[in-house]
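Residue numbers (the working numbering): 6 to 982.
Now the structure itself:
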């Protein structure tokens, strides 16, 4: 096909338009050159032609938008991201059914954010037409992202995610006020600011005229957020139109890196200007005589501000305010004096780090009167919501547990009653899962793990010091790594890599300021004695490079240049030392103390490059982005999962140096009563718990077959599971509400691994006795299929048999579970299916590993397969890491899942009233036994019995979970059918 054809097809794939038959308009454009016209087969060939780059790019972008669309009438009854939606799109484009499979293969569905939402009390308003009519600030923000080298796909996904949020807000021109409240759940250091900046851009385009961004509780974070919004959204013209000159000394301002709008909003009536009520150097101050700054302009005084005739020409006010009682009180006082009627002002409140300070932590049971009592900051936020009847509240957090435990009956609180949006994990993001081995390594002994197959081996270094001398050695090890990685970055710059403006090391040992001083002094002394400016350090650094960084970079740094020898790197070590030594000291203390208390350089990532060791606590552990973070030295313990996760500053985007990141973490951190705590395993536990929470949101997002939400935000709290006895999901004073009492998903497996600590092994023995009737029923052997993580179909061999459902129920009833985990909701679904006749029997499978021979079991009549599964120690997480993750395809197929293929045998075993269960016997020897059992005979005390099962798809085809609210006088289940 010719370039002319490619251009004609690409033009019919315009941004923001619905899918329509593409053949007729293309032929109209090509009438002169192709009088006989193209056929639909020709169009499909163009879509699939690798040389038609412009067409493929446009079609990929449009399919992404159309797959996610949720408000346009053309979608019919199809749900976003579903196969039915894609088929609908192809039909509207005029593509025949026989082309759908090939199109799907070439343009696979990408997925999108997970949404839990209540039904909205209005018709869809944020349509593609509305978005096209008003998109000035969103288009400007997209240009900024493109200039930052965001690719088209990443910008496209942000477009979808932000639209998903904005269309769940109330129409700002709506005659009746409505407050929509939602929560956006991201990942620590994963780009939440980019998401809410996009939401703000679209919201002000849509008509919101007062934007209040609430940041954390410290000024350094507020200032960072203000600057980011000013630089990427407000723009030079809007900043220059104000009276403040807060960026006079800013390097990016001088270099022209702040957004320059294509049209100056201050010189046209077609585009609203943005007026800043705060600056990068000043939090909100009482406006006094400047109250006119909050007086909104109107064209027609006979109409309210929210009328479109007045709203769109009116300028925007934006305030970035830290969650400080004094600042918020000033804002509240000024709002009460605004001449514009407050119930006419469409306002957007963005609450960054929404689980910090915003939540009301006074237990309703302990309130002295029927009137709701509030903590100070929550009280101010509640007052703002009370004043601004058109205010929309969106909380942003990576640790949402405090927010979902808020009392949903408190009408002016911040409970996300309208929606929860869980963002996708960004592709290049380096998060918790990248520092832990969460999948597929349980069968590997530690000696078999390498930097190539183990994240822990690649990125994590253990701190186990038992004395001051050992501690100094470990600190030097981390400091050497910081200098060495700085040298490698400079080497890469010399080979054409983009300059590394920042290079930092974070030291986090305590929340106490006095201890920060001591730690900072330790590292200053080490810096002086390490000899980086002398030849004596080179042998030490060469050994570190050869044994660690050269090895890891060889298998993990494929996109970056690596030195061929240490000799090549030597010249850059001195340069790295010089950059880190610049200024007053190589160490900066970052905490709540006054800067005058320290003789050191200021920490300002905006004004200059920072190559420093940062010592701190709370000020560096929530919301604040530590730019260029490469080495982390972490030994602090905390008792709350959300607080611990927020301390994971080593999560984030590491362009061009991902392979250089190292986490030095305490494995024996002292705690109460002399107990030691392994912080690496603590992080692993909460990473798993967080992922399970997100999986639950995914399972129950969207609508059921009746077009109703599976669950609403008020049903989410019971999905939060606490697995660490000493590590609660959030502070105790934020946990008040509900119980999960029923959980059933037909055709979907669930692993039951949450067993108590091993103890003397008697629980293991009882569990094995409980499943003895199941094992005795396994009288057949066969082969089943599964798809591995690389989408390759593989097979496994298993013993199997058919067992009556009541026998399985009797067996699982004998199992004991970890404290804090309740099998009850699953049992309720199981027994209900049996009693209703929807579950008659189970196909029970016992997989046989290809690499391990069965071994003799004491007191059992035949050999059985024993596999390795990681036992989580009691202090950090009870139970095991998984059962038979890869083999679940087979039991889900047997149970009737239309999405899984377990092979011909699985298909033959399927019955409408049959469930399926996998048994796994996992090594669990006594602690004194250093080696797991390799040969029998083995006692039943020394292995655990794990299982996964799937209910018949027909028993719960739509899925169902039920809740009981913890409130006096209410006992009914809130059924989320």
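Beta carbons are placed, not taken as given, at the ideal position from N, Cα and C, and that holds for glycine. Values in this document were obtained by computation on a predicted structure and should not be read as measured data.
Residue span of the beta strand (DSSP E) that contains residue i, given as start and end
{"i": "residue 397", "result": "396-402"}
{"i": "residue 828", "result": "Counting along the chain, residue 828 falls outside any beta strand (DSSP E), and DSSP gives it neither H nor E."}
{"i": "residue 119", "result": "119-122"}
{"i": "residue 279", "result": "279-281"}
Residues near residue i by beta carbon distance below 8 Å, same chain, minus five either side
{"i": "residue 6", "result": "47, 50, 51, 54, 57"}
{"i": "residue 556", "result": "456"}
{"i": "residue 640", "result": "468, 513, 514, 670, 671, 674, 684"}
For residue i: DSSP bridge partner residues
{"i": "residue 951", "result": "925"}
{"i": "residue 357", "result": "401"}
{"i": "residue 787", "result": "803"}
{"i": "residue 703", "result": "Answer by DSSP bridge pairing: none, since residue 703 is not bridged."}
{"i": "residue 510", "result": "618, 636"}
{"i": "residue 592", "result": "618"}
{"i": "residue 751", "result": "956"}
{"i": "residue 577", "result": "DSSP output for residue 577 lists no bridge partner at all."}
{"i": "residue 324", "result": "217"}
{"i": "residue 852", "result": "803"}
{"i": "residue 667", "result": "636"}
Same chain, Cβ closer than 6 Å to residue i, neighbours up to 5 away in sequence not counted
{"i": "residue 117", "result": "73, 86, 165"}
{"i": "residue 324", "result": "217, 282, 283, 289"}
{"i": "residue 782", "result": "806, 808"}
{"i": "residue 42", "result": "32"}
{"i": "residue 80", "result": "74"}
{"i": "residue 161", "result": "66, 69"}
{"i": "residue 532", "result": "591"}
{"i": "residue 348", "result": "182, 394"}
{"i": "residue 911", "result": "789, 895, 898, 899"}
C-beta atoms of residue i and residue j nearer than 9 Å
{"i": "residue 354", "j": "residue 492", "result": "no"}
{"i": "residue 952", "j": "residue 757", "result": "yes"}
{"i": "residue 512", "j": "residue 620", "result": "yes"}
{"i": "residue 814", "j": "residue 749", "result": "no"}
{"i": "residue 402", "j": "residue 205", "result": "no"}
{"i": "residue 396", "j": "residue 352", "result": "yes"}
{"i": "residue 455", "j": "residue 560", "result": "yes"}
{"i": "residue 27", "j": "residue 10", "result": "no"}
{"i": "residue 194", "j": "residue 496", "result": "no"}
{"i": "residue 431", "j": "residue 192", "result": "yes"}
{"i": "residue 146", "j": "residue 196", "result": "no"}
{"i": "residue 279", "j": "residue 322", "result": "yes"}
{"i": "residue 771", "j": "residue 845", "result": "no"}
{"i": "residue 344", "j": "residue 300", "result": "yes"}
Supposed contact pair residue j and residue i - C-beta distance, whole angstroms, cut 8 Å
{"i": "residue 480", "j": "residue 638", "result": "7 Å"}
{"i": "residue 536", "j": "residue 542", "result": "4 Å"}
{"i": "residue 596", "j": "residue 507", "result": "The Cβ separation is near 20 Å, so there is no contact."}
{"i": "residue 139", "j": "residue 211", "result": "6 Å"}
{"i": "residue 256", "j": "residue 612", "result": "6 Å"}
{"i": "residue 167", "j": "residue 200", "result": "6 Å"}
{"i": "residue 440", "j": "residue 668", "result": "6 Å"}
{"i": "residue 463", "j": "residue 566", "result": "Between residue 566 and residue 463 the Cβ distance is about 19 Å, and since that is not below 8 Å, they are no contact."}
{"i": "residue 427", "j": "residue 119", "result": "4 Å"}
{"i": "residue 776", "j": "residue 950", "result": "5 Å"}
Span of the alpha helix (DSSP H) around residue i
{"i": "residue 37", "result": "From DSSP, residue 37 is part of no alpha helix (DSSP H); its letter is neither H nor E."}
{"i": "residue 868", "result": "It is not in any alpha helix (DSSP H) - residue 868 carries neither H nor E in the DSSP assignment."}
{"i": "residue 556", "result": "555-561"}
{"i": "residue 11", "result": "8-16"}
{"i": "residue 425", "result": "Per DSSP, residue 425 belongs to no alpha helix (DSSP H); it is in the beta strand (DSSP E), 424-427."}
{"i": "residue 187", "result": "Careful: residue 187 lies outside any alpha helix (DSSP H), inside the beta strand (DSSP E) at 186-190."}
{"i": "residue 467", "result": "Segment 465-468 is the beta strand (DSSP E) holding residue 467; no alpha helix (DSSP H) there."}
{"i": "residue 478", "result": "473-499"}
{"i": "residue 536", "result": "No alpha helix (DSSP H) contains residue 536, which DSSP labels as neither H nor E."}
Near the ligand COA: residue i beta-carbon under 8 Å from a heavy atom
{"i": "residue 666", "result": "The ligand COA is not part of the structure shown, which contains no ligands of any sort."}
Residues near residue i by beta carbon distance below 7 Å, same chain, minus five either side
{"i": "residue 582", "result": "488, 537, 538"}
{"i": "residue 185", "result": "173, 174, 175, 397, 423"}
{"i": "residue 17", "result": "27, 30, 31"}
{"i": "residue 242", "result": "266, 269, 270, 271"}
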